[in-house]
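**Q**
Protein chains: 2
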Amino acid sequence: MSDGTALTAKDVPGTVLSIDAMGGDLGPSAVVAGMATAAAKNPALRFILHGNRPELERLVDKRRDLADRCEIRHAEGVVTMDAKPSLVVRQGKDTSMWSCIEAVRAGEAGAAVSCGNTGALMALSMMRLRKIEGVNRPAIACLWPSRNPKGFNVMLDVGADIRADAGDLLQYALMGASYARNGLDLARPRVGLLNVGTEEHKGRAELKLAAELIERVSAAADFEFVGFVEGSDLPSAKADVIVTDGFTGNVALKTGEGTARLIRDLLEEAFRYSPLSRIAAVLAYTSLRRLSKRIDPRRVNGGVFLGLNGTVVKSHGSADATGVAAAIKLAARLAAAGFSERLAARIAHAEQAAAAAMQTEAGQA
Amino acid sequence: MSDGTALTAKDVPGTVLSIDAMGGDLGPSAVVAGMATAAAKNPALRFILHGNRPELERLVDKRRDLADRCEIRHAEGVVTMDAKPSLVVRQGKDTSMWSCIEAVRAGEAGAAVSCGNTGALMALSMMRLRKIEGVNRPAIACLWPSRNPKGFNVMLDVGADIRADAGDLLQYALMGASYARNGLDLARPRVGLLNVGTEEHKGRAELKLAAELIERVSAAADFEFVGFVEGSDLPSAKADVIVTDGFTGNVALKTGEGTARLIRDLLEEAFRYSPLSRIAAVLAYTSLRRLSKRIDPRRVNGGVFLGLNGTVVKSHGSADATGVAAAIKLAARLAAAGFSERLAARIAHAEQAAAAAMQTEAGQA
């Protein structure tokens, strides 16, 4: 429904998500289509949708799955892809992105989803939701198709910040382990630190220090530290969580996506090549669809902002309905698990454990 | 032949390559098998082979394609994969790797190929061959399957050094362009600088400075600078040469390889899934083989060390005969083109041009 009646986490059973309809490359129609897909599969979902009211009313009214499950909040402004984050923070109060984050801050929604400008979304989220006590740099975590039984690994940071020192990498390990626990249902995640080699003498100095710090808290924080991993281990079964700085993580993520896309295109080309290969494509249709689904970047769409008082899921700017639906599904899962509260509790606990460990060491020395 | 008669660049027509037989994961048999494959396709190739003489004689004698085209030089020691580069430089004089580089230094071979320890190979190469005048940090360049007409892009640095400042990145651009000219036959290569976004305000400070420096020399150095590129552009047709630091480049390279391997395995699994998909696999056999060949990392095996007085090709440690043959083919091509001399001339020319440009700017200011 689009009459403005409030549907909030407090008075409606089920999960309420705050959705930024604007700012994605394909516009609000892809977002609303994705919402409808997600809503059809999950009857407990409710939405607060932010953007241009007349446009959104038209789109929502066409979707039966969204009837009575969607409140529209009008926002005049749109954060464009090339907008400077620092400007959005100062002058973006009238935008759909701002309004979207605000609903999480006010406790009306359990998580926010936006396809918009990543830098602006992170800057707004940091300003409005604030960092969790004890977190220095928030991070963005993504899911990575892998050989693990769950089918995915978690990697972070994939672009919240271009730098990270040893202490930041330690916090990424804690946050990534907590995300794997809530997002992938892993009781004791294995954490690896991304480096150019697995030998201990290789790599940057801050990585050696980070490895020591992560090793030290692993027992108290209930994860296993598997040491250094390499780029080739990202899709492997060697670790569940891969920790790196946001520059390296962003390059790796986009490299993996670009490689998968190239191979998919070449595969399609190969099957179109001859009449025989076209027949083969028909015969192999279901098998290939299964494969395509497994490695389709749209199905693992959704970078989760970690380290804030509230869950924010960043969808790909170019996400279509399938991609948006995947991001919404992820947000719903994390909201239902009370993820951001659990993460805050983990961080606080780990801080205490680290402090205690250091005191013990100091006492022994 | 293995009777010790010298076959050097000076007295035998054709291309002489110096091959380190030891130190790879699969041992000398894979190396000799790869030499035989390469030799069968290129009758102008001659080899100087370094390692354990009795073992190598036995392997070479079995290969008709290598008869009378291979001189064996005995070396007692082997550089292991976990050897510390600094130790190899001091104590590795009796190793096959040292002997292999020495043949290039002495002008007996046009290029060296080794499957051994990358760090040790780079350290030895730097010490024995010396850096080209004007080069601060040598780099390792690799070929990357892409949508370009040539089927490949060049990326560097992929692991010679874990750090690079703006001046180093500028030199990588010059060296990479020269490599693309000689290795891929591109008259005016397009160079891109790897970053986390293509917008100018994004990324690390040294990348903004590097972009300015590269833009400034591009005309004089005869390449086109296309600005910042992202991880997703590595396999694209947007640039021919992608410049980055050795840490990021190494992670990206291994991520791309790991992703390709995962997809290939999943594809095989998909075709084994049902009787119907197994029939499809038979029908699509040639198409799939063509695809597999295109993205097979073994076919683009060979990291080229750039910036030294002599060409050194680093093969994957795990390279099999196909992989070694690809690395040898690449080395032969670069040796025949007189690549290392051309690169030195380019660097000298670019240094002059950059100095002249700065003088002009200073005059105008």
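Chains as they are written, first to last, in UniProt numbering: chain Z, 1 to 365; chain P, 1 to 365. Here a beta-carbon is modelled for each residue, glycine too, at the ideal position from N, C-alpha and C.
1. Give a yes or no on contact between the stretch 103–120 of chain Z and the stretch 20–35 of chain Z, applying the rule of three or more CB pairs nearer than 8 Å.
2. Could you give the residue range of the beta strand (DSSP E) that holds Z:P145?
3. Among Z:I101, Z:R58, Z:L194, Z:L213, which residue has its Cα nearest to the Cα of Z:E351?
4. For chain Z, find out if any of its Cβ atoms is closer than 8 Å to the Cβ of P:R90; answer yes or no.
5. Establish whether the CB of Z:D233 and some CB of chain P are separated by less than 8 Å.
6. For P:A160 versus P:F305, is the C-beta distance shorter than 8 Å?
7. Can you give me the start and stop residues for the alpha helix (DSSP H) that Z:D265 sits inside?
8. Name, in chain order, the residues that DSSP records as bridge partners for P:F225.
9. Pair every Cβ in the stretch 246–259 of chain Z with every Cβ in the stretch 202–209 of chain Z, then say whether three or more of these pairs are closer than 8 Å.
10. Nearest to Z:K329 by CA position, among Z:E341, Z:P28, Z:L26, Z:F47, is which residue?
11. Would Z:L194 and Z:I242 be called neighbours here (beta carbons separated by less than 8 Å)?
12. Look up Z:L17 in the DSSP assignment and give the residues it is bridged to.
13. From what residue to what residue does the alpha helix (DSSP H) around Z:V32 run?
14. By DSSP's criteria, P:C100 is part of a beta bridge. Which residues make up the other side?
15. Do the CB positions of Z:K238 and Z:L184 come within less than 8 Å of each other?
16. Comparing alpha-carbon positions, which option in P:A44, P:K62, P:A123, P:C70 lies nearest P:R90?
17. Return the Cβ separation of P:I101 and P:S125 in integer angstroms, given the expectation that the two are a contact with Cβ distance under 8 Å.
18. Rounded to the nearest angstrom, how far is the Cβ of Z:G197 from that of Z:V226, given a contact under 8 Å?
19. Given Z:N136, which residues of its chain have a CB within under 8 Å of its CB, disregarding the five upstream and five downstream residues?
20. With a threshold of 8 Å between beta-carbons, can P:T37 be considered close to chain Z, or not?
21. Does P:A75 pass the burial test, meaning 16 or more other C-beta atoms within 10 Å, or should it be called exposed?
22. Which residues in chain P sit within 9 Å of Z:T80, going by Cβ to Cβ distance?
23. Let's see if you can read the secondary structure: which residues bound the alpha helix (DSSP H) around Z:M127?
24. If the cut is a Cβ gap below 7 Å, which residues of chain Z does P:L291 touch?
25. Does Z:G307 pass the burial test, meaning 16 or more other C-beta atoms within 10 Å, or should it be called exposed?
26. Taking Z:R190 as the reference, give the member of Z:E206, Z:K208, Z:A219, Z:A210 with the closest Cα.
27. Could you give the first and the last residue of the continuous beta strand (DSSP E) run that contains Z:N136?
28. Near Z:A325, what residues of its chain come up, given a Cβ to Cβ distance below 6 Å and the 5 sequence neighbours on each side ignored?
29. Buried or exposed: where does P:Y285 fall if 16 or more other Cβ atoms within 10 Å of its Cβ makes it buried?
30. Please confirm if P:K254 has its CB atom under 8 Å from at least one CB of chain Z.
31. Identify the residues that DSSP records as bridge partners of Z:I242: which are they?
**A** Reading off the structure:
1. The stretch 20–35 of chain Z and the stretch 103–120 of chain Z touch, with three or more beta-carbon pairs separated by less than 8 Å.
2. The residue you call residue 145 of chain Z lines up with position 145 of the first sequence. DSSP places Z:P145 in the uninterrupted beta strand (DSSP E) bounded by 139–145.
3. Translated into positions along the first sequence, residue 351 of chain Z becomes position 351. It is Z:L213.
4. Here residue 90 of chain P refers to the residue found at position 90 when the second sequence is read from its first residue. Residue-level contact by beta carbon fails for P:R90 and chain Z, as no gap is shorter than 8 Å.
5. In the first sequence, the residue the question calls residue 233 of chain Z occupies position 233. Residue-level contact check: Z:D233 touches chain P, since one or more beta carbons of chain P fall below 8 Å from its beta carbon.
6. The residue labelled residue 160 of chain P in the question sits at position 160 within the second sequence. The residue labelled residue 305 of chain P in the question sits at position 305 within the second sequence. Going by C-beta atoms, P:A160 is nearer than 8 Å to P:F305.
7. Within the first sequence, residue 265 of chain Z is the residue found at index 265, counting from 1. Run containing Z:D265: 246–272, per the alpha helix (DSSP H) assignment.
8. What you label residue 225 of chain P is simply residue 225 of the second sequence in a count that begins at 1. The bridge partners DSSP lists for P:F225 are P:V191.
9. Too few Cβ pairs lie closer than 8 Å, so no.
10. Locating residue 329 of chain Z in the first sequence gives position 329, counting from the first residue. Closest option to Z:K329, Cα to Cα, is Z:F47.
11. Stepping through the first sequence from its first residue, residue 194 of chain Z is reached at position 194. Stepping through the first sequence from its first residue, residue 242 of chain Z is reached at position 242. Yes. Within cutoff.
12. As a position in the first sequence, residue 17 of chain Z is number 17, starting the count at 1. Note: Z:L17 sits in a beta bridge opposite Z:F47, Z:A111.
13. Counted from its first residue, the first sequence places residue 32 of chain Z at position 32. Element bounds for Z:V32: 27–41.
14. Sequence index remark: in the second sequence, residue 100 of chain P carries index 100 (1-based). Secondary-structure assignment with DSSP links P:C100 through no beta bridge to anything.
15. For the purposes of this step, residue 238 of chain Z is taken as the residue at position 238 of the first sequence. For the purposes of this step, residue 184 of chain Z is taken as the residue at position 184 of the first sequence. Taking 8 Å as the Cβ cut-off, Z:K238 and Z:L184 do not qualify as a contacting pair.
16. For the purposes of this step, residue 90 of chain P is identified with residue 90 of the second sequence, where counting begins at 1. Nearest C-alpha to P:R90: P:A123.
17. Residue mapping note: residue 101 of chain P aligns to position 101 of the second sequence, counting from 1. Residue mapping note: residue 125 of chain P aligns to position 125 of the second sequence, counting from 1. Right, the Cβ-Cβ distance comes to about 6 Å (below 8 Å), so this counts as a contact.
18. Reading the first sequence from its first residue, position 197 is the one you call residue 197 of chain Z. Reading the first sequence from its first residue, position 226 is the one you call residue 226 of chain Z. Their Cβ separation, rounded to whole angstroms, is 14 Å, which puts Z:G197 and Z:V226 out of contact at 8 Å.
19. Counting from 1 along the first sequence, the entry for residue 136 of chain Z is found at position 136. Closer than 8 Å at Cβ, skipping near neighbours: G167, D168, Q171.
20. In the second sequence, residue 37 of chain P corresponds to position 37, counting from 1. Output row for P:T37: interface = no.
21. Within the second sequence, the letter at position 75 stands for residue 75 of chain P. P:A75 should be labelled buried.
22. Along the first sequence, read from residue 1 onward, the residue named residue 80 of chain Z stands at position 80. None at all; the shortest Cβ gap to chain P is about 12 Å.
23. Within the first sequence, numbered from 1, the residue matching residue 127 of chain Z stands at position 127. It spans 118–129 - the alpha helix (DSSP H) in which Z:M127 sits, taken as one unbroken run.
24. Within the second sequence, numbered from 1, the residue matching residue 291 of chain P stands at position 291. Within 7 Å Cβ-Cβ: L266, L267, A270.
25. Locating residue 307 of chain Z in the first sequence gives position 307, counting from the first residue. Under a 10 Å Cβ-count criterion, Z:G307 is classified as buried, with 16 or more other Cβ atoms of the shown protein chains found around its own Cβ.
26. On the first sequence, position 190 is the one that residue 190 of chain Z refers to. Cα-wise, what sits closest to Z:R190 is Z:A219.
27. One-based indexing of the first sequence puts residue 136 of chain Z at position 136. Unbroken run through Z:N136: none, as it is neither H nor E.
28. Position 325 of the first sequence, counting from 1, holds the residue named residue 325 of chain Z. Its chain contains G34, T37, A38 as the residues whose beta carbon lies nearer than 6 Å to that of Z:A325, once the 5 sequence neighbours on both sides are disregarded; these appear in chain order.
29. What you label residue 285 of chain P is simply residue 285 of the second sequence in a count that begins at 1. P:Y285 should be labelled exposed.
30. Position 254 of the second sequence holds residue 254 of chain P. Yes, because at least one Cβ of chain Z sits closer than 8 Å to the Cβ of P:K254.
31. Locating residue 242 of chain Z in the first sequence gives position 242, counting from the first residue. Beta-bridge pairing by DSSP links Z:I242 to Z:M155, Z:G192.
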